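Everything below concerns the one structure shown next.
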Amino acid sequence: MARYKHIDMSPRLLPVDLQAQLVPGSVAHTLYHVVDQLDLSAFDAHYRNDESGAPAHAPTMLLKAVLLAYSQGMVSSRSIERACRDNVLFIALTGDAKPHFTTMRTSSAARATRSRRCLPRCSRYLMAKA
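Heads up: the sequence shown begins at 6 in the numbering used here, then just goes up one per residue.
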């Protein structure tokens with residue numbers, strides 16, 4: 006009878022440098038750097054958790070995830086949540102935050118107007134860097 010090498014499926018703990026997963030020149034790498042350069046202060050007015058309440062996810066992180074998802078044809082909040090949990094590019098962009106799909110939905114829908122104002126800025130920034 007043929008002998009085969011054993012496939013070991015036991016758990017492992019592997020160190021992962023999330024920033025190293027963002028390949029220079031890729032959409033994810035570009036978003037990682039470009040969104041941080043944008044003025045997203047318009048998003049801050051939405052939050053009322055200065056003194057009480059749980060800390061909110063950073064608008065830059067949510068915008069990075071949504072823009073990467075849109076660039077890959079993902080539009081549903083559940084698919085974006087799944088990507089943030091399972092896809093290493095989304096994990097790197099979100100810092101492994103795993104935002105809930107309702108957060109993604111309200112982030113995308115309630116902030117669509119502010120996001121539309123950010124996209125031209127993002128485009129201008131990219132054109133200036135090219």
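Backbone N, C-alpha and C fix where the C-beta goes; we use that ideal spot for every residue, glycine too. Predicted model, so just to flag it, every value in this text is computed and none were measured.
Does the separation of the CB atoms of residue i and residue j fall below 8 Å?
i	j	result
Ala61	Tyr52	yes
Leu27	Tyr37	yes
Gly100	Leu23	yes
Val21	Ser76	no
Met66	Ala7	no
For residue i, is the classification buried or exposed, using 16 other Cβ atoms within 10 angstroms of its Cβ as the cut-off for buried?
i	result
Leu98	buried
Val71	buried
Pro104	buried
Met14	exposed
Thr35	buried
Asn92	buried
Tell me which residues share the same chain as residue i and place their Cβ nearer than 8 Å to its Cβ, disregarding the 5 neighbours each side in the sequence.
i	result
Ala74	Val80, Ser84, Ile85, Ala88, Phe95
Lys10	none
Asn54	Pro60, Ala61
Under 6 Å Cβ to Cβ from residue i, same chain only, skipping five residues before and after it: list those, please.
i	result
Leu68	Val40
Ser82	Phe106, Met109, Arg110
How far does the alpha helix (DSSP H) with residue i in it extend, from its first residue to its last?
i	result
Leu37	Before going further, note that residue 37 is Tyr rather than Leu in the sequence given. Element bounds for Tyr37: 32 to 42.
Ile12	Premise fails: Ile12 is in no alpha helix (DSSP H) and is neither H nor E.
Val93	93 to 99
Tyr75	64 to 76
Asp22	It is not in any alpha helix (DSSP H) - Asp22 carries neither H nor E in the DSSP assignment.
Ala47	46 to 49
Please work out which residues of its chain come closer than 7 Å, Cβ to Cβ, to residue i, disregarding the five sequence neighbours upstream and downstream, and give them in chain order.
i	result
Ala25	none
Ala114	Residue confidence for Ala114 is low, a pLDDT of 42 falling below 50, so the modelled location carries little weight and cannot support an answer.
Ile12	none
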